[in-house]
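Chemist: This structure is in structure tokens; I'll ask about it shortly.
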Amino acid sequence: MLTSAVVYAKPMPLTAARYAQQLGVGMDVDWARTERGIREFDPLVVRDFKAKGLTHVRIRVAGAPTEARLIHLRKLVEACEYYGVIPIIAYQADAYKNRSQRQP
128 MLTSAVVYAK
138 PMPLTAARYA
148 QQLGVGMDVD
158 WARTERGIRE
168 FDPLVVRDFK
178 AKGLTHVRIR
188 VAGAPTEARL
198 IHLRKLVEAC
208 EYYGVIPIIA
218 YQADAYKNRS
228 QRQP
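Here the sequence shown is numbered in the working numbering, starting from 128 and rising by one per residue.
Here it is, written out as structure tokens:
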């Protein structure tokens, strides 16, 4: 009689260092932070970043989450997905940061 056993190893917890290592080389971008960045975004830039070896972009977002900004953000994420670049959304909440610094 033949028997086999399958052993499943418990996955290692994802630490900040391991997460950064898995992300690889990336770049901060202002494609959703400034009016110029929003206006001048071209999806082919994502392709060019990937060709240069970047594996992720941190998309800095500022301003009120209007419908137009959310549609633009979706466009950014879709371009990243299409070209195989990991999009990381980083909302810039200056009002909250400044408020917490004023409180004792």
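Note that beta-carbon positions come from the ideal geometry of N, C-alpha and C, so glycine has one too. The structure presented is a predicted model; accordingly, all values stated were derived computationally and were not measured.
I believe His-183 touches Gly-211 by the beta-carbon criterion, under 8 Å. Please report the beta-carbon distance rounded to the nearest angstrom.
Modeler: Incorrect: roughly 10 Å between the Cβ atoms, too far for contact.
Chemist: Provide the residue span of the alpha helix (DSSP H) that contains Ala-144, from first to last.
Modeler: First-last of the alpha helix (DSSP H) with Ala-144: 143-150.
Chemist: Is Tyr-210 helix, strand or coil when you go by DSSP?
Modeler: Looking at Tyr-210 - three-state DSSP - the assignment turns out to be helix.
Chemist: Who are the near neighbours of Arg-185 in its chain, counting only those whose CB is closer than 6 Å to its CB and skipping five residues on each side?
Modeler: Taken in chain order, the residues that qualify are Asp-155, Ile-215 and Ala-217.
Chemist: Quick one: does Ala-178 have its CB under 7 Å from some CB of chain B?
Modeler: This model lacks chain B altogether; it includes just one protein chain.
Chemist: By Cβ distance, which residues of its chain are closer than 8 Å to Lys-177, with the 5 residues on each side in sequence left out?
Modeler: Correct list, in chain order: Tyr-210, Gly-211 and Val-212.
Chemist: Figure out for me which residue from Arg-196, Glu-208 and Gln-148 has the closest Cα to the Cα of Glu-162.
Modeler: Of the listed residues, the one whose Cα sits closest to Glu-162 is Arg-196.
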